[in-house]
Amino acid sequence: MSFADQLYETAVRLAKYAQNSASALEEERLQIEMRKREVEAQLDAANLAHKRLANFLPIRGSDFQCPRCWIDHGTASNLQMTAKNKSSTENFRCGMCHFEFSLRQGQVGGTDCQKMNQRLPNDREFMRTRPKKTG
Ligand SMILES: [Zn+2]
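Take the sequence shown: its letters are residues -17 to 117, numbered as in my numbering.
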């Protein structure tokens, strides 16, 4: 085999190796683009939630409103009282998403609306008050 033939064979091997790398890299690129789209969608949702917060009304008419439906979907949903636990706590359930909220009464001063704003559930409460499975 001539030097030229040996060099050509080496070039063929290198080209095949590069081709194999290209398909693996293409697969990796597709996965990164899919993940990028997921992150962009989550970012859009996060920014939208912040905008929706500016328009959230805890009370419409005489009905308390579900903050979850409003922040997540921009829909106004009434809360129904489900139970009065202790003298100071009342449970409400959303008619749409079935999320439950445990709200405390009796903060001094302010309207009911202001009381609701002071009592937004924190993450720990969201963990405790998952929606009940129905059906
Ligand atoms: Zn809801």
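Virtual Cβ for every residue (Gly too), placed ideally from N, Cα, C. Since this is a predicted model, take the numbers as computed values, not measurements.
Given this structure, state the Cα-to-Cα distance separating residue i from residue j, to the nearest angstrom.
i: Ile53; j: Leu85; result: 18 Å
i: Thr(-8); j: Phe(-15); result: 11 Å
i: Asn37; j: Tyr(-1); result: 58 Å
i: Arg34; j: Glu8; result: 39 Å
i: Glu22; j: Gln47; result: 29 Å
i: Cys95; j: Ile41; result: Residue placement at Cys95 cannot be trusted, given a pLDDT of 43 that sits under 50; what the coordinates show is reported in the next sentence. Using only the alpha carbons, I get a separation of about 6 Å.
i: Met(-17); j: Gln13; result: 44 Å
i: Gln24; j: Phe74; result: 28 Å
i: Leu39; j: Glu15; result: 38 Å
In the DSSP assignment, what residue or residues form a beta bridge with residue i?
i: Ser84; result: Asn73
i: Phe46; result: Ile41
i: Asn173; result: Residue 173 is absent from the structure shown; the chain starts at -17 and stops at 117.
Can you give me the start and stop residues for the alpha helix (DSSP H) that residue i sits inside?
i: Met16; result: Phe(-15) to Leu35
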